[in-house]
Amino acid sequence: MRRTFVPDLVLDSNGAVSNVAVTFEDGRIVEVGPATEGERLPGRALAPGFVNDHSHAFQRGLRGRVEHRSSDHLHDDFWTWREKMYELAESMDPDSMQRTAERCYGEMLSAGYTSVTEFHYVHHRSDATHYDDLNALAKAVAEAAENVGIRLVLLPTAYARGGIPRFRDASPEAYFERVDALREWAADRAPVEVGVAAHSVRAVPRGWLESLAEYARIHSLPLHIHADEQPREIEESEEEHGIKPIELLAETGFLGPRTTVVHATHADENELDLLSKHDSSVCVCPTTEGNLGDGFLPAEGILKRGIRLSIGSDQHARLDPFEELRELETNARRLAGRRNVLVAEGETSPTPYLLRTGWQRDRLKPGAPADFVEIDLAPPEISDIEPEHLTSALVFGAGRDVVAASWVNGQCVYRGEA
Ligand SMILES: [Zn+2]
């Protein structure tokens, strides 16, 4: 069915434009042009949907429940948080995984995320025996996404050592067998795409990294990995391999144009050069990295090298794309002692760069999936803002509450109470 919307404004990374109509059909935008006839959307702006490029849906269960020191951990950090996360992971079964993921993905849609990349590493029963369906937990996540209507990139994640037994596979072959079956299952489920991931260089040895890189290359799949989130992880890599995590990724063929390195918090100049050389991208998760006390990535070095950047809500301490983008810029400001830091060449404001990072595109355009959000222009945070300042006001002064509705594949999948 073909529909044309005529909102008050259409937002792109450069600002807000009036008198524009957006037409979509069969899940795709087919025309963006001068407003003529169509369904009026008074008091609304249309914007591309945000892409949440790094999620562990089950960790939504930690929200608010781990914000205290435990008596045996007066020093609380990423590693003590991880013990609590493992306890939660131990408790999941396919039903609770699906329920938690549905809640998490529904909340994402209400915040303006229309697409999620799920980094999924809870695979087997808690006693490490396999479910009859090897992909029972991965399918629970995929079905949750289908039920709420969010677009999903599902990354069954390889885990060889450490962690808890239910994360692990015996060999790369055992892992690929599961991924093959999942890809076949997902093939006719349009809003679900399957990629691959290695958990980290802590959890996956060199030979596995090489095998995963090869598999992803043969099948042209997205390939993700956590790297450089914690100084200890870098020390351990240097001890085991004599080089840093991203250097190891380069050596094993893991870096390429479809590779995303999640965090890169402590990446040094050479590691950034390697990411740039291999045209790999970085996913930053500011609210999680702040919550865990991880640190903050070298955002200016990433911008300067033209390394593509995306955002993720990771453990879902908070689900708000505007806040992720705001933290990205304001943390860069705190570090630099300057204002307007993440400004791309030829631009004067960080807002366009931040929005391209959050949307993974610059605007609604023909051929793109009809994934967009309706922004309510009435809330007090933005009701007095001139159109030319609206996108900056959204990034710096507003949040998820302005999202009135989210559309995926041309279908309305979330609408707030008017
Ligand atoms: Zn993560």
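For the sequence shown, the residue numbers in my numbering are 565 to 982. Note that CB positions come from ideal geometry on N, CA and C, so glycine has one too. Just so we're clear, the structure is a prediction, and the values are computed from it rather than from any experiment.
| task | May I ask you to report which of helix, strand or coil DSSP gives residue 597? | result | Position 33 of the sequence shown, counted from the first residue, corresponds to residue 597. Here DSSP, grouped into helix, strand and coil, assigns residue 597 to strand.
| Which partner residues does residue 875 have in the DSSP bridge list? | For the purposes of this step, residue 875 is identified with residue 311 of the sequence shown, where counting begins at 1. Paired residue(s): 616, 848.
| query | For residue 992, which of helix, strand or coil comes out of DSSP? | reply | The chain is shown from 565 up to 982; residue 992 falls before or after that span and cannot be answered.
| query | Cβ of residue 565 within 8 Å of Cβ of residue 589? | reply | Against the sequence shown, residue 565 aligns to sequence position 1. Against the sequence shown, residue 589 aligns to sequence position 25. Going by C-beta atoms, residue 565 is nearer than 8 Å to residue 589.
| said: Starting from residue 968, trace the beta strand (DSSP E) in both directions and tell me its first and last residue. | reply: On the sequence shown, residue 968 is found 404 positions in, with the first residue counted as 1. Run containing residue 968: 967-972, per the beta strand (DSSP E) assignment.
| said: Taking the alpha-carbon of residue 864 as reference, which of 877, 882, 837 has the nearest alpha-carbon? | reply: Residue mapping note: residue 864 aligns to position 300 of the sequence shown, counting from 1. The candidate whose alpha carbon is nearest that of residue 864 is 837.
| query | Does the beta-carbon of residue 971 have 16 or more other beta-carbons within 10 angstroms, so that it is buried, or is it exposed? | reply | On the sequence shown, position 407 is the one that residue 971 refers to. Residue 971 comes out buried.
| Starting from residue 720 and walking both ways along the beta strand (DSSP E), at which residues does that stretch end? | Translated into positions along the sequence shown, residue 720 becomes position 156. Element bounds for residue 720: 715-722.
| request: Check whether the Cβ of residue 765 sits closer than 7 Å to any heavy atom of ligand 2, and report yes or no. | output: Within the structure as shown, ligand 2 is missing, the only ligands being ligand 1.
| said: As an exercise, report each continuous alpha helix (DSSP H) stretch of at least 4 residues that is fully enclosed by the segment 801-862, in chain order. | reply: Within the segment 801-862, the runs of alpha helix (DSSP H) that reach at least 4 residues and sit entirely inside it are, in chain order, 809-815, 833-841, 850-856.
| Simplified DSSP state of residue 885, which is helix, strand or coil | As a working note, residue 885 is residue 321 in the sequence shown. It is helical.
| field | Local Cβ density within 10 Å of residue 638, reported as buried at 16 or more and exposed below that | value | Stepping through the sequence shown from its first residue, residue 638 is reached at position 74. Only exposed fits residue 638, as fewer than 16 other CB atoms lie within 10 angstroms of its CB.
| query | How big is the Cα-Cα spacing for residue 581 and residue 907? | reply | Here residue 581 refers to the residue found at position 17 when the sequence shown is read from its first residue. Here residue 907 refers to the residue found at position 343 when the sequence shown is read from its first residue. The alpha-carbon of residue 581 is positioned some 21 Å away from that of residue 907.
| query | Assuming residue 705 and residue 684 make a contact with CB atoms under 8 Å, what is their CB distance in whole Å? | reply | Counted from its first residue, the sequence shown places residue 705 at position 141. Counted from its first residue, the sequence shown places residue 684 at position 120. The Cβ separation is near 6 Å, so the contact holds.
| request: Could you tell me the distance, in whole angstroms, from the CA atom of residue 654 to the CA atom of residue 867? | output: Reading the sequence shown from its first residue, position 90 is the one you call residue 654. Reading the sequence shown from its first residue, position 303 is the one you call residue 867. Their Cα atoms are separated by approximately 39 Å.
| task | State yes or no: is the C-beta of residue 544 nearer than 7 Å to some heavy atom of ligand 1? | result | The chain is shown from 565 up to 982; residue 544 falls before or after that span and cannot be answered.
| Do the CB positions of residue 854 and residue 891 come within less than 8 Å of each other? | For this step, residue 854 is matched to residue 290 along the sequence shown. For this step, residue 891 is matched to residue 327 along the sequence shown. A contact, by the Cβ cut-off of 8 Å.
| said: Is residue 790 close to ligand 1? I mean its beta-carbon at under 7 Å from any heavy atom of the ligand. | reply: Here residue 790 corresponds to residue number 226 of the sequence shown, with the count starting at 1. Answer for residue 790: yes, Cβ within range of ligand 1.
| Mind checking residue 923: buried by the 16 CB within 10 Å criterion, or exposed? | Your numbering for residue 923 matches position 359 in the sequence shown. Residue environment analysis places residue 923 among the buried positions, since at least 16 neighbouring C-beta atoms fall within 10 angstroms of its C-beta.
| request: Would you check if there are 3 or more beta carbon pairs closer than 8 Å linking the segment 724-736 to the segment 761-772? | output: Touching, yes.
| So what does residue 922 bridge to, in DSSP terms? | The count along the sequence shown starts at 1 and reaches residue 922 at position 358. Residue pairing from DSSP leaves residue 922 without any beta-bridge partner.
| Roughly how many whole angstroms lie between the Cα atoms of residue 963 and residue 941? | Locating residue 963 in the sequence shown gives position 399, where the first residue counts as 1. Locating residue 941 in the sequence shown gives position 377, where the first residue counts as 1. In a straight line, the C-alpha of residue 963 is about 12 Å away from that of residue 941.
| request: Provide the residue span of the beta strand (DSSP E) that contains residue 587, from first to last. | output: Start at 1 with the first residue of the sequence shown, and residue 587 comes out as number 23. Following the DSSP letters along the chain, one finds residue 587 inside the beta strand (DSSP E) bounded by residues 584-589.
| field | According to DSSP, residues forming a beta bridge with residue 757 | value | The residue given as residue 757 occupies position 193 in the sequence shown. DSSP lists 717 as partners of residue 757.
| query | Taking 7 Å as the cut-off, is the CB of residue 826 close to at least one heavy atom of ligand 1? | reply | Within the sequence shown, residue 826 is the residue found at index 262, counting from 1. Because some heavy atom of ligand 1 lies under 7 Å away, the Cβ of residue 826 counts as near it: yes.
| message | Relative to the C-alpha of residue 751, which candidate in 944, 703, 632, 826 has its C-alpha closest? | response | In the sequence shown, the residue the question calls residue 751 occupies position 187. Among 944, 703, 632, 826, the Cα nearest to that of residue 751 belongs to 703.
| said: Please report the straight-line C-alpha distance between residue 651 and residue 625, rounded to a whole angstrom. | reply: By 1-based counting over the sequence shown, the position of residue 651 is 87. By 1-based counting over the sequence shown, the position of residue 625 is 61. Their backbone Cα atoms lie some 11 Å apart in a straight line.
| residue 733: CB within 7 Å of a non-hydrogen atom of ligand 1 | In the sequence shown, residue 733 corresponds to position 169, counting from 1. Not so, every heavy atom of ligand 1 lies at least 7 Å from the Cβ.
| said: Just checking residue 683 against ligand 1 - is the residue's beta carbon closer than 7 Å to any of the ligand's heavy atoms? | reply: Along the sequence shown, read from residue 1 onward, the residue named residue 683 stands at position 119. Distances from the CB of residue 683 to the heavy atoms of ligand 1 include at least one below 7 Å.
| With distances taken between CB atoms, is the gap from residue 957 to residue 946 smaller than 8 Å? | In the sequence shown, residue 957 corresponds to position 393, counting from 1. In the sequence shown, residue 946 corresponds to position 382, counting from 1. With a cutoff of 8 Å on beta-carbon distance, residue 957 and residue 946 are scored as near each other.
| What residue range is occupied by the uninterrupted beta strand (DSSP E) comprising residue 979? | Against the sequence shown, residue 979 aligns to sequence position 415. Boundaries of the beta strand (DSSP E) harbouring residue 979: 975-979, taken from the DSSP string.
| query | Exposed or buried, residue 976, counting other C-beta atoms within 10 Å across all chains shown (16 or more means buried)? | reply | For the purposes of this step, residue 976 is identified with residue 412 of the sequence shown, where counting begins at 1. When all chains shown are included, residue 976 counts as exposed.
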